Each structure stands twice: as structure tokens, then as C-alpha cells.
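Take 800 as the starting number for the sequence shown in the working numbering and just add one per residue. The beta-carbon is built from N, C-alpha and C at its ideal position, and this holds for glycine as well. For clarity, every value in this text was computed on a predicted model and none was experimentally measured. Here's the structure we're looking at; comments come further down.
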Amino acid sequence: MKVIISETKEELGQNAGAYAATIIRETLGRQGYANVILATGTSQFETLNQLTTERDIAWSKVTMFHLDEYIGLPATHPASFRKYLSERFLSQVAPLKAVYLINGENDLNTELAFLAKHIGEHPIDLALVGIGENGHLAFNDPPADFDTESPYLAVYLDEPCRLQQMGEGWFTSLEEVPLQAISMSVRQIMQSRHIICSVPDERKAVAVKNSLENEVSNAFPASILQLHPDCTFFLDKESSGLLSEKELAGGDRNVEIPK
């Protein structure tokens, strides 16, 4: 586990996006294709923006999956993650080899089987993830299921998770936030060869501390990332503000990511 701390969330996004681009380029150079997972939400704005501006990425050789989507939410809704990725990523880069967006309006069992089939055929080289205010990883709220081998599953969203979605401005009231979502499972995320976890903002500071300094526990779902052999956390000054001196000593500040 590596921790990179930037002064601002803009620098965080630049560093994380540039590092993601480096991994994708190296993967394409080594094997001729790359399979990636992208995250959504306000924490990913700067990271994805940087990734879309990176040059010399053969996007036609890249296959993309994403982490989660609300059940029953139309793709036209402002909070739809399909809409988010279409507007903030897919429309900003050259066409990809393949894109597997989660359809939360489809028959649930059919959609879960579809996603499981295709991600099973595409071992993931790089996953971009974030951490929720409640410590969730994707939509795996605490206590998260660390044991299921299903690549995707239907989950209920707890109230802190739903309050976060409302607080970020995706919904105007708590009642509007769906109760269920399709989420990539923790085990599936952990199978990725590389993981980049981008977490800006002071409101995530408690979750960051719990995830990096507590023992691994499904009460703090993102703490599982401590066990990944190649996970890099990108934090800003605010999100890292509660980390202990020991943890901070192990982090790098304003790291220049090689291209």
C-alpha cells in the first residue's frame, strides 16, 4: 500500500489520473490490451478529467467496466452513473474496444448474469475506486460482504450512504435516493492487478483514517485495500488530516508521476 498526499484535490486528481494513464500505457505495451474499472461520484471529477487529457493512450484497445449503478434509475437522471461516465469520460476520449455499463433498469438476474459473464472474460488490469463517507467500497456499505465470489450483486444502501448522495447534490431529498443498487463485489475489486484509490475532501477524513489505520474489517469496507499487493491511495491535505504521524511519514507529498 502506498499513500500519496497532495496539497489540493486538483493536484490529487492530476497525480491519480497521470498515474492511471501510466499504468494503462505500460499494460498496453506489455500485452496489447487493457481492462479497466472506473469509479464515479464527485471524488473522481479531477482524476477522470486528467485521464481524458492524457495523450498516447490507444483507447481502441481498452475495455471498461464500472463499479455500481442504482436499481431502477433511468440513464437520463442526473445521478445515473451511466450518464456520468458517458458525459465525463466516454464522450471525451476515442472509442473504446468495449464498454460494459451497468443497466439498473434491466431485469436484475439477467443483468447480474450478463456482467458476471463479461468481467469473467476480462481480468482487470487497473481499478479506479474511491471511499464513501461511511467507508464503503463501491456500494458495499458496512458491514460489507467480503466473502461472496459473485462479481456483481444487488445491495441495499444504508442511510449514511444515501445521505452522502443527497449531500453531494445528486438528489434533492433523501426520499429520492434509491434504496438499492447493483455493486461490484469486494472480491472482484480486489482481483484487479493495480488499484488507484482517489479520496479528496475533509468529509472523507474519518473514513480514510478508518480504512488505512484500523484492522481490516467489513465494518470499514475499504480497509480491505490494505491487503492488496498494488494499491495506491491518492489523498489531499483535507482527506488525510486525521492520519497519524506514522501513517503520514509513510506517504509522499506532491509526488511527480513518471510518464
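Next on the checklist: So for I803, helix, strand or coil by DSSP?
Outcome noted: strand
Item to check | Through-space distance from Y883 to Q967, alpha-carbon basis | outcome: Strictly speaking, residue 967 in this sequence is Glu, with Gln absent from that position. Cα-Cα distance, rounded: 14 Å.
Checklist entry - Does the distance from the C-beta atom of L956 to that of F888 stay below 8 Å? => result no
Item to check | Residues that A897 bridges to, as DSSP identifies them | outcome: T862
Item to check | Host beta strand (DSSP E) of E910 (start-end) | outcome: Per DSSP, E910 belongs to no beta strand (DSSP E); it is in the alpha helix (DSSP H), L907 to G919.
Checklist entry - Can you tell me the Cα-Cα spacing of N908 and L1011, whole angstroms? => result 35 Å
Checklist entry - Can you list, in chain order, the stretches of the beta strand (DSSP E) that have 3 or more residues and sit fully within the region 944–994? => result 951–955 and 979–983
Item to check | Whole-number beta carbon distance between V976 and Q964, since they are thought to touch under 8 Å | outcome: 5 Å
Item to check | Neighbourhood of T839 by C-beta, 6 Å cutoff - its chain only, sequence neighbours within 5 removed | outcome: F880 and Y883
Checklist entry - Is the CB-CB distance between A1004 and A1021 below 8 Å? => result no
Next on the checklist: Quick check on this structure: which residue in I981, G934, L1026 and T947 has the alpha carbon closest to the alpha carbon of P959?
Outcome noted: G934
Item to check | Proximity of S984 and S1016 at Cβ, strictly below 8 Å | outcome: no
Next on the checklist: Beta-carbon within less than 7 Å of G929's beta-carbon, same chain only, minus the 5 sequence neighbours each way: which residues are those?
Outcome noted: A838, G840, S842, Q843, C996, S997 and V998
Checklist entry - Considering only the beta carbon of each residue, do L925 and R992 sit closer than 8 Å? => result yes
Checklist entry - In whole angstroms, what is the alpha-carbon distance linking V835 and L973? => result 32 Å
Checklist entry - Which value, in whole angstroms, describes the spacing of the CA atoms of Q1025 and Y818? => result 19 Å
Next on the checklist: Just verifying my parser: in three-state terms, what is the DSSP assignment at N939?
Outcome noted: strand
Item to check | Cutoff 8 Å: K1036 Cβ touching any chain B Cβ | outcome: Within the model displayed, chain B is absent; a lone protein chain is all it includes.
Checklist entry - So what does E868 bridge to, in DSSP terms? => result I981
Checklist entry - So, L936 versus I1023, is the Cβ gap smaller than 8 Å? => result yes
Item to check | Inter-residue spacing [alpha-carbon to alpha-carbon] between T826 and Y869 | outcome: 31 Å
Checklist entry - How should G812 be labelled, buried or exposed, when 16 other C-beta atoms within 10 angstroms of its C-beta is the threshold for buried? => result buried
Item to check | Straight-line Cα distance separating L872 from I901 | outcome: 11 Å
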